[in-house]
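In full-length UniProt numbering, the protein residues as written are 1 to 369. Glycine is no exception: its CB is placed at the ideal position from the N, C-alpha and C atoms. Worksheet for the structure shown next.
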Amino acid sequence: MTVPAPPPQLLTPLDHALAWARAGEPVALATVTGTWGSSPRPAGSSMAISASGAVEGSVSGGCVETDVMTHAQDIMAGSPAQTLEYGVSSARAWEVGLACGGRLDVQVEAVNSPACPTGTFPLALLEQVCACTANRQAAALVRLQNGAQHALVVQTGQGSTVQFGTCPPEICNAAHARMQHGRSGAEADATGQEWFVQPLVPAPRLLIVGAVHIAQSLARMASMVGLAPIVIDPRSALATVQRFPGLVPEQTLLTEWPDEAMQTLGIDPMTAIATLTHDAKLDDPTLEEALRSPAFYIGALGSRKTQASRMDRLRTLGFTKAELARIRGPIGLAIGAVGAEEIALSILADIVAVRRQAPLAQARGWQYP
Numbered sequence: 001m002t003v004p005a006p007p008p009q010l011l012t013p014l015d016h017a018l019a020w021a022r023a024g025e026p027v028a029l030a031t032v033t034g035t036w037g038s039s040p041r042p043a044g045s046s047m048a049i050s051a052s053g054a055v056e057g058s059v060s061g062g063c064v065e066t067d068v069m070t071h072a073q074d075i076m077a078g079s080p081a082q083t084l085e086y087g088v089s090s091a092r093a094w095e096v097g098l099a100c101g102g103r104l105d106v107q108v109e110a111v112n113s114p115a116c117p118t119g120t121f122p123l124a125l126l127e128q129v130c131a132c133t134a135n136r137q138a139a140a141l142v143r144l145q146n147g148a149q150h151a152l153v154v155q156t157g158q159g160s161t162v163q164f165g166t167c168p169p170e171i172c173n174a175a176h177a178r179m180q181h182g183r184s185g186a187e188a189d190a191t192g193q194e195w196f197v198q199p200l201v202p203a204p205r206l207l208i209v210g211a212v213h214i215a216q217s218l219a220r221m222a223s224m225v226g227l228a229p230i231v232i233d234p235r236s237a238l239a240t241v242q243r244f245p246g247l248v249p250e251q252t253l254l255t256e257w258p259d260e261a262m263q264t265l266g267i268d269p270m271t272a273i274a275t276l277t278h279d280a281k282l283d284d285p286t287l288e289e290a291l292r293s294p295a296f297y298i299g300a301l302g303s304r305k306t307q308a309s310r311m312d313r314l315r316t317l318g319f320t321k322a323e324l325a326r327i328r329g330p331i332g333l334a335i336g337a338v339g340a341e342e343i344a345l346s347i348l349a350d351i352v353a354v355r356r357q358a359p360l361a362q363a364r365g366w367q368y369p
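Structure, rendered in structure tokens:
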């Protein structure tokens with residue numbers, strides 16, 4: 001079984017840019033490289049623009065996109081790459097509608113390809129960036145603020161290495177540090193040159209063990225909030241495309257045993273796991289594998305009595321009280337949910353709360369009497 005590519009609805013602007021470039025169309029990339037005050041989008045937000053006018057992603061709440069697209073067309077036609085500045089003190093910013101009280105810098109450059117030979121963003125770099133995304137490999141795209149030099153730093157074991165281009169060692173180290181928290185920003189090298197570091201951490205995903213009724217709703221809702229769903233259930237009569245029309249067999253709809261599938265998929269810190277089967281033969285091996293992983297969320301469906309029995313079984317396998325406290329069960333926030341759809345909503349709300357470290361997420365793990 002191969003590691004699944006991102007589902008179509010979760011493709012990034014860079015994925016779209018690569019597809020357009022490979023189709024022979026000029027493409028430009030716009031990236032937020034600086035923000036001050038109440039800027040509508042954080043640094044690292046990106047937008048892909050094709051010469052035919054297709055757009056994916058955003059660099060603001062919609063207030064500067066049209067202006068950015070106009071400049072992108074000029075750059076794809078041969079104008080040099082540039083950094084656009086928007087702010088409330090700028091008359092031009094008011095013209096394009098940035099009235100939220102912040103400031104925004106947007107770097108716009110074309111992808112260098114046969115269709116756009118004047119582009120400054122290497123097509124080979126874009127291919128490697130998208131390969132890292134598809135393989136869930138943590139990486140960082142770094143470039144000089146003037147766009148004159150680009151590099152790709154990838155995480156390897158406990159450190160990082162430059163996979164494409166060149167950059168100073170201190171910038172490579174800064175890229176590694178930024179991969180840990182996922183926030184983009186500027187870094188200066190030893191000569192004082194300023195680089196923009198854009199970490200590309202794996203997209204969040206949700207492994208749903210048990211192709212039950214709740215899973216049907218949960219998989220749909222997960223996609224809506226940016227969690228790539230993968231449903232795992234060896235009962236092939238349940239794990240069907242008819243019951244999960246948005247999922248792809250052997251990629252996001254798997255009929256392996258859950259623990260084996262999880263070993264193949266590789267569980268990383270951007271993975272959430274929800275077991276919904278009520279069957280110890282499936283849930284227990286899943287939870288064993290999950291507890292040995294860095295998954296950011298582990299939840300199990302079942303009553304408090306079921307949960308207590310489950311915890312006792314896992315404790316006999318050597319898991320400590322602190323390790324078992326990672327399991328959130330009964331799964332979901334206590335919103336009085338009734339029916340599959342509402343239960344799915346409560347589970348998704350709990351996952352979001354944990355991911356965002358919200359107050360609602362506190363003290364929800366299993367607690368021994």
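Going by C-alpha to C-alpha distance, which of the options sits closest to residue i?
{"i": "Met311", "options": "Phe296, Ile327, Ile298 and Tyr297", "result": "Ile327"}
{"i": "Ser58", "options": "Ser50, Ala30 and Thr35", "result": "Ala30"}
{"i": "Thr120", "options": "Ala148, Pro204, Ala140 and Arg103", "result": "Ala148"}
{"i": "Val111", "options": "Gln158, Leu14, Ala43 and Asp189", "result": "Leu14"}
{"i": "Gln155", "options": "Gly192, Gly62 and Thr133", "result": "Thr133"}
{"i": "Pro26", "options": "Pro122, Arg103, Pro168 and Glu65", "result": "Pro122"}
{"i": "Gln242", "options": "His213, Met224 and Glu260", "result": "His213"}
{"i": "Ala139", "options": "Ser79, Leu104, Val201 and Gln193", "result": "Val201"}
What is the C-beta distance between residue i and residue j, in whole angstroms, given that I count them as a contact (C-beta under 8 Å)?
{"i": "Gln82", "j": "Val108", "result": "6 Å"}
{"i": "Ala188", "j": "Gln145", "result": "The pair is not a contact, with the Cβ atoms about 10 Å apart (cut-off 8 Å)."}
{"i": "Gly329", "j": "Gln357", "result": "Not quite, the Cβ-Cβ distance comes to about 20 Å (not below 8 Å), so this is no contact."}
Quick one: Cα of residue i to Cα of residue j, how far?
{"i": "Arg183", "j": "Gln198", "result": "7 Å"}
{"i": "Leu253", "j": "Met270", "result": "19 Å"}
{"i": "His181", "j": "Leu265", "result": "22 Å"}
{"i": "Gly255", "j": "Thr161", "result": "At residue 255 the sequence reads Thr, which differs from the Gly that was named. Spanning the two alpha carbons is a distance of roughly 36 Å."}
{"i": "Arg235", "j": "Gly246", "result": "18 Å"}
{"i": "Val106", "j": "Ile75", "result": "13 Å"}
{"i": "Leu333", "j": "Met221", "result": "15 Å"}
{"i": "Ala281", "j": "Met179", "result": "Sequence inspection shows Lys at residue 281; the Ala mentioned does not correspond to that position. Each residue's Cα considered, the two are about 37 Å apart."}
{"i": "Gly159", "j": "Glu170", "result": "13 Å"}
{"i": "Gln362", "j": "Ala17", "result": "40 Å"}
{"i": "Arg315", "j": "Lys321", "result": "8 Å"}
{"i": "Val225", "j": "Phe296", "result": "16 Å"}
{"i": "Glu85", "j": "Ala124", "result": "28 Å"}
{"i": "Thr70", "j": "Gly53", "result": "10 Å"}
{"i": "Met262", "j": "Asp67", "result": "45 Å"}
{"i": "Ile232", "j": "Leu360", "result": "28 Å"}
{"i": "Pro114", "j": "Glu127", "result": "15 Å"}
{"i": "Gly210", "j": "Gln163", "result": "39 Å"}
{"i": "Arg205", "j": "Ala174", "result": "26 Å"}
Ends of the alpha helix (DSSP H) at residue i?
{"i": "Met76", "result": "Glu65 to Met76"}
{"i": "Met179", "result": "Pro169 to His181"}
{"i": "Thr286", "result": "Ala280 to Leu291"}
What do you get for residue i, buried or exposed, if any count of 16 or more other CB atoms within 10 angstroms of its CB means buried?
{"i": "Leu317", "result": "exposed"}
{"i": "Pro229", "result": "buried"}
{"i": "Ala349", "result": "buried"}
{"i": "Trp36", "result": "exposed"}
{"i": "Gly336", "result": "exposed"}
{"i": "Val338", "result": "exposed"}
{"i": "Gly302", "result": "buried"}
{"i": "Glu65", "result": "buried"}
Between which two residues does the beta strand (DSSP E) carrying residue i extend?
{"i": "Trp20", "result": "Taken as a continuous stretch (DSSP letters only), Trp20 belongs to no beta strand (DSSP E), being part of the alpha helix (DSSP H) at Pro13 to Arg22."}
{"i": "Ile298", "result": "Tyr297 to Ala300"}
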